[in-house]
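Structure first, commentary second.
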Amino acid sequence: MTKEENEKRLERLKAIVSNLPQKPGSYQYYDENGTIIYVGKAKNLKNRVSSYFHKEVDRFKTKVLVSKIHDITYTVVNTEEDALLLENNLIKKYKPRYNILLKDGKTYPSICVTNEYFPRIFKTRTINKKWGTYYGPYSHVGSMYAILDLIKKLYRPRTCHFQITREGIEQGKYKPCLEYHIHNCGAPCVSKQSYEDYQENIAQAREILKGNTRELQRTIYAKMMKLAEEMRFEEAEELKQRYLALEGFCAKSEVVSHTINNVDVFTITDDQNTAFVNYMHVTNGSINQAQTFEMKKKLNETAEEILQLAIVQIRERMGSRSREVIVPFPLDMELDGITLTIPQRGDKRTLLELSEMNGKQYRFDRLKQAEKLNPEQKSVRLMKEIQDALKLPKMPYQIEMFDNSNISGTDAVAACVVFKKMKPSKKDYRKYIIKTVTGPDDYASMQEVVRRRYTRLRDEGQPLPDLIITDGGQGQMSVVREVVEGELHLNIPIAGLAKNDRHRTNELLYGVPPVVIGMKTDSELFHLLTHMQDEVHRFAITFHRDKRSKHALHSEMDDIRGIGPKTKDALLKELKTVKRIKEASLDDLTKLIGQAKANIVWQHFNGDAKQANETAQNAPQKTV
563 MTKEENEKRL ERLKAIVSNL PQKPGSYQYY DENGTIIYVG KAKNLKNRVS
613 SYFHKEVDRF KTKVLVSKIH DITYTVVNTE EDALLLENNL IKKYKPRYNI
663 LLKDGKTYPS ICVTNEYFPR IFKTRTINKK WGTYYGPYSH VGSMYAILDL
713 IKKLYRPRTC HFQITREGIE QGKYKPCLEY HIHNCGAPCV SKQSYEDYQE
763 NIAQAREILK GNTRELQRTI YAKMMKLAEE MRFEEAEELK QRYLALEGFC
813 AKSEVVSHTI NNVDVFTITD DQNTAFVNYM HVTNGSINQA QTFEMKKKLN
863 ETAEEILQLA IVQIRERMGS RSREVIVPFP LDMELDGITL TIPQRGDKRT
913 LLELSEMNGK QYRFDRLKQA EKLNPEQKSV RLMKEIQDAL KLPKMPYQIE
963 MFDNSNISGT DAVAACVVFK KMKPSKKDYR KYIIKTVTGP DDYASMQEVV
1013 RRRYTRLRDE GQPLPDLIIT DGGQGQMSVV REVVEGELHL NIPIAGLAKN
1063 DRHRTNELLY GVPPVVIGMK TDSELFHLLT HMQDEVHRFA ITFHRDKRSK
1113 HALHSEMDDI RGIGPKTKDA LLKELKTVKR IKEASLDDLT KLIGQAKANI
1163 VWQHFNGDAK QANETAQNAP QKTV
């Protein structure tokens, strides 16, 4: 498309927008082929549609959408609720390219009660509503099996797959199977259990599946007491066992008070490209439906926009008729006869937190699954997070971190660790002995090491890091910047990990002057940064300890030039101590190690040091 054609297209679209009514409704965008590419809703059609064509629109994906629009249509409705419902219907019908679409992350199992003469109850992942009524789906399979076990224990529904009919029973076509003989079935196929009794059991099982256990308990209790009054104690005892079984099940399954009934709970967990909406339906304090839906963002939609659409779509899909919906934040939407609740405390707040936890766990599981299939994905994601947090020009493929180690300035050393693709590259680790600094001056030591490190990399033409992280706050960052930018004139971003009063890393600093970067201390990225900090500290202190250990094990015998380890060991083996070696005569030493070496040792301890060294240099070198 030429520039002139594009300008004509925009003029035509703006003319359409200028004539839009200021009423609620739904709008549709079409591409050059007449295909609907986006469906939206609005309280005010004119204001909402015109916002897409403002010059200050800075979202890239929105600009791409606008570049594809060739025509606009709209439908005016009476209320915002009607607009929301119309938008939902059009999205389902046309599946526009730029609309977010509701998708199941996986197929959860459901429980089916068939429409047969003697219904069966079983789990399934295939939904075909002409075969029966479905309850679920159940995201926690253990809970589903607990319900099935309870129904089996209380009502013993048949498990066979025979097409049992009334005519077949009257004609005696069937016979009892093993399930009857082991008391897992009442054998209605041979009239051992009446049709009315079996259907009553199925009706009570349906109430359990709906979550109406408390109401069912009251019904069973009333029947039990009536049978007891009629002196039918055996039948009353059977109902008592059912009542106790239901009581035990309720105690385990109720997560909140049973007074909270017929409530929907929605929460959302989103990242840059995907949103995860968790849905729970609560009946009598028990969760009898729970599922997490994945929604791909198309136009950088906000969490509020996604949740509005998800509530309508999920309630329709799950067949919910709840009049109360619990949500995590205010939503600019109204649904007829439905109350949106944002709880701050109590049982409803507990349900909201439980839903949020399930959504986050599902997102975590999906992320781990994807990273298992593609290990590089995690590294790229973390590098992208650092880039976004620090607003770096590119992803930090190579990150370097420095640390010093000394005791009151003695045995001063430093270390540099290198992380590539967020993983330690140990072959690139470097150790440094501080040469130009006297005393415990960490700032000067850091400057020396940084200067040596990047001078060499620059001179040898080796790749420079994409990010330097200092083990310290503003002070460490400043001295590193003086060398990197002031002396070496290198453009390398510098960040710092600062500690609190308890010497625990609690914040990431960046910028000039350094400012705190908003990052949760329990996030995966922050844990990785602290791991880098621990790694450079470990590497530096290990080097320092090795160097200190060599000094601690140093002997005066090690200072004698021309005397090797074997000669030293021979002397110590015979004379035991350095003191006795000092006191030994030249003749005694000669007998042990020979004349030449005996002269060197004797002169070292008894003669002039300079003379001893000269003797050592002139002595023949022989390995003992």
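Numbering (this note's numbering), first residue to last: 563 to 1186. No residue lacks a Cβ here, since even glycine has one placed at the ideal position from N, Cα and C. These numbers were taken from a predicted model, which means no experiment stands behind them.
- Counting C-beta pairs closer than 8 Å gives three or more between the segment 645-665 and the segment 870-885, which meets the contact rule.
- For residue 992, the secondary structure class from DSSP, reduced to helix, strand or coil, is strand.
- About 7 Å separates the beta carbons of residue 770 and residue 712, which is inside the 8 Å limit, making them a contact pair.
- In the three-state DSSP reduction, residue 927 falls in the helix class (H, G or I).
- Taking the Cα of residue 640 as reference, the smallest distance to any Cα among 671, 634, 583 is reached at 583.
- By the Cβ rule, the segment 948-965 counts as touching the segment 1086-1105, because three or more pairs are nearer than 8 Å.
- Judged by DSSP secondary structure, residue 853 falls within the beta strand (DSSP E) whose first and last residues are 848-858.
- 8 Å or more divides the Cβ of residue 624 from the Cβ of residue 590.
- Listed in chain order, the beta strand (DSSP E) elements of length 3 or more contained wholly in the segment 669-712 are 672-676, 683-686, 694-697.
- The continuous alpha helix (DSSP H) containing residue 1037 extends over residues 1036-1043.
- A residue is called buried when at least 16 other Cβ atoms come within 10 angstroms of its Cβ; residue 756 does not meet this threshold and is exposed.
- If the five residues before and after residue 982 are omitted, its C-beta is found closer than 6 Å to the C-beta atoms of 960, all from its own chain and listed in chain order.
- Cβ contact annotation for residue 567 (same chain, cutoff 8 Å, sequence separation greater than five): none.
- Pairing residue 578 with residue 658 gives a Cβ-Cβ distance that is not under 8 Å.
- In this structure residue 736 is not in contact with residue 744, their Cβ atoms being roughly 17 Å apart against a cut-off of 8 Å.
- In the three-state reduction of the DSSP assignment, residue 746 falls in the coil class, being assigned neither a helical nor a strand state.
- Taking 8 Å as the cut-off, the Cβ atoms of residue 887 and residue 900 count as close.
- The DSSP-derived three-state label of residue 921 is helix.
- The C-alpha of residue 739 lies about 9 Å from the C-alpha of residue 747.
- Rounded to whole angstroms, residue 847 and residue 671 show a C-alpha spacing of 22 Å.
- Of 1070, 1037, 1020, the smallest CA-CA separation from residue 1053 is found for 1020.
- Closest by C-alpha distance to residue 1140, out of 1123, 1119, 1156, 1150, is 1119.
- When only Cα atoms are considered, residue 821 and residue 861 end up about 41 Å apart.
- In this structure, the straight-line span from the alpha carbon of residue 912 to that of residue 890 is close to 12 Å.
- Taking C-beta separations shorter than 7 Å and ignoring five residues to either side along the sequence, the partners of residue 932 in its chain run 939, following chain order.
- Close CB contacts of residue 992 within its chain, under the 6 Å cut and outside five residues either way in sequence, are with 978 (chain order).
- DSSP places residue 842 within a strand segment (E or B) once states are collapsed to three.
- In the three-state DSSP reduction, residue 603 falls in the strand class (E or B).
- For the segment 1115-1167, the full-length alpha helix (DSSP H) segments reaching 4 residues or more read 1127-1137, 1140-1145, 1148-1155 along the chain.
- Between residue 664 and residue 857, the gap from beta carbon to beta carbon is short of 8 Å.
- A distance below 7 Å between beta-carbons, with the five flanking residues on each side excluded, links residue 1160 to the following residues of its chain, in chain order: 1148, 1151, 1152.
- Judged by DSSP in its simplified three-state form, residue 639 adopts coil rather than helix or strand.
- Among the bridge pairs identified by DSSP, residue 727 is matched with none.
- Residue range 825-832 is occupied by the beta strand (DSSP E) that includes residue 830.
- Just so you know, the alpha carbons of residue 908 and residue 784 end up roughly 32 Å apart.
- Shown here, residue 906 sits in coil according to DSSP, grouped into three states, outside any helix or strand.
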